[in-house]
């Protein structure tokens, strides 16, 4: 592999959906770019957290995610619009259209979604508020067997997306390759990033590459690269693994979420069919904190230990997060959440407990024998922990390395990172890499809006 003398405009480390989205945007819509490098340690794109069964297969739009602030919901509305436009044009076989629903059970949850509907419905023209009878007409099993005195309501949107992010990554990669500007190297693991005389040297197991700027889209490994380059020393991560159950006893026509706590970064249980197997429903996720950066890869324990989570500051932050009381409710929410998920792992008892606490909240008539643990499904979400504030930070994480002439962006992508992949790539191109690269480089707004006219307004909100 002879790379001597070649300097790429931008190098992308990581070939998941976040990395391939950037490859697509950089090669098609940035004037002045002539060559982009993509480095992926596996043999193909999207084989880790973007793989088909390693995530919830949802394109989050902020409509039924009751834990999103209005600002975040509208950002995800734009993200859904932009990625949806790409999928409808180039993503054949990578998505299905289906309804999305946020199901509220009990007076407190019903009150919460009524307030949320008032806050957001003007931004989502197809969003509806449903009472018990309307829910029963759409999905009778959500109401059947439920105590008639229990209040129930839902936010409903008929035109959501389910996405196979592995296939979506393949589509993004395919379109990027069509530009003739992308060099991709697989089975190529990045070991170090250093800068000499304004050029980055990227050391891998196969060769040394050079680039003017670097985008790191390596999931939980991004924090390690950030640390090695002198950034984000106040951050560590908790790798949170998601697990799912399956059932064939009930088949729903869309995605049904339960109400999520707006002050809590972990997803509440939801139920939907796998995009590749509509005959089986997935229910989850549960969540385990694991000492791996990549699930079922024991070698990544060593990488986990390098994140700083086991340091004095890291352990103190984790302790405070776990035992901190909620200011309003005087409850230790993280401790309760962790305890519940520990019980879920106990054989027999765990499945029964999940049935009672999560599955029957969605489908009251489900029985123990209807549930089967979905072995091998679920990925790892790198939950950012700020060791200075000793707090969890919700959503996608971005670290911009622009100190002393650096030209680095590190994307750490817990949920809903996959949904935000294309909007995030546009943000990186317009706000960071075009200014980094300077004279001779320009984002082609006109070309993008002509390519995706339906995403014009969403694109226009990226300043």
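Numbering (full-length UniProt numbering), first residue to last: 1 to 463.
Positions of the beta carbon are idealized from the N, C-alpha and C atoms, including for glycine.
Report back the beta-carbon spacing between residue i and residue j to the nearest angstrom; my notes put them in contact at under 8 angstroms.
| i | j | result |
| --- | --- | --- |
| residue 362 | residue 269 | 7 angstroms |
| residue 48 | residue 16 | 6 angstroms |
| residue 41 | residue 187 | 7 angstroms |
| residue 154 | residue 112 | About 12 angstroms separates the two Cβ atoms, so there is no contact after all. |
| residue 406 | residue 195 | 7 angstroms |
| residue 274 | residue 252 | Between residue 252 and residue 274 the Cβ distance is about 12 angstroms, and since that is not below 8 angstroms, they are no contact. |
| residue 185 | residue 39 | 6 angstroms |
| residue 307 | residue 223 | 6 angstroms |
Does the distance from the C-beta atom of residue i to that of residue j stay below 8 angstroms?
| i | j | result |
| --- | --- | --- |
| residue 236 | residue 380 | no |
| residue 344 | residue 286 | yes |
| residue 171 | residue 94 | yes |
| residue 387 | residue 317 | yes |
| residue 326 | residue 247 | no |
| residue 245 | residue 374 | yes |
| residue 176 | residue 423 | no |
| residue 99 | residue 29 | no |
| residue 214 | residue 23 | no |
| residue 390 | residue 321 | yes |
| residue 70 | residue 120 | yes |
| residue 261 | residue 67 | yes |
| residue 59 | residue 91 | no |
| residue 52 | residue 276 | yes |
| residue 173 | residue 418 | no |
| residue 31 | residue 441 | yes |
| residue 225 | residue 193 | yes |
From residue i to residue j, what does the alpha carbon distance come to, in whole angstroms?
| i | j | result |
| --- | --- | --- |
| residue 200 | residue 403 | 14 angstroms |
| residue 468 | residue 324 | The first residue shown for the chain is 1 and the last is 463, placing residue 468 beyond what the model contains. |
| residue 123 | residue 167 | 30 angstroms |
| residue 163 | residue 64 | 16 angstroms |
| residue 211 | residue 382 | 27 angstroms |
| residue 198 | residue 204 | 19 angstroms |
| residue 227 | residue 217 | 14 angstroms |
| residue 61 | residue 125 | 13 angstroms |
| residue 409 | residue 76 | 21 angstroms |
| residue 356 | residue 267 | 17 angstroms |
| residue 365 | residue 462 | 46 angstroms |
| residue 299 | residue 293 | 9 angstroms |
| residue 208 | residue 7 | 11 angstroms |
| residue 430 | residue 436 | 10 angstroms |
| residue 43 | residue 393 | 32 angstroms |
| residue 142 | residue 360 | 9 angstroms |
| residue 284 | residue 460 | 35 angstroms |
| residue 21 | residue 110 | 38 angstroms |
| residue 452 | residue 401 | 30 angstroms |
Could you name the residues that DSSP lists as bridge partners for residue i?
| i | result |
| --- | --- |
| residue 21 | The partner list for residue 21 (beta bridge, DSSP) is empty, contrary to what the question assumes. |
| residue 271 | 256, 283 |
| residue 398 | 411 |
| residue 210 | 201 |
| residue 112 | Beta-bridge pairing links residue 112 to no other residue. |
| residue 364 | Per DSSP, none; premise fails for residue 364. |
| residue 243 | 286 |
| residue 12 | 38, 215 |
| residue 157 | 100 |
Measuring alpha carbon to alpha carbon, tell me which of the options ends up nearest residue i.
| i | options | result |
| --- | --- | --- |
| residue 114 | 368, 152, 137, 89 | 152 |
| residue 279 | 306, 418, 250 | 250 |
| residue 46 | 149, 219, 431 | 219 |
| residue 25 | 360, 9, 425 | 425 |
| residue 146 | 411, 158, 13, 106 | 106 |
| residue 191 | 182, 202, 183, 185 | 202 |
| residue 169 | 159, 87, 140 | 87 |
Step through the CB atoms of chain B and report whether any lies within less than 8 angstroms of the CB of residue i.
| i | result |
| --- | --- |
| residue 172 | You won't find chain B in this structure, because it holds only one protein chain. |
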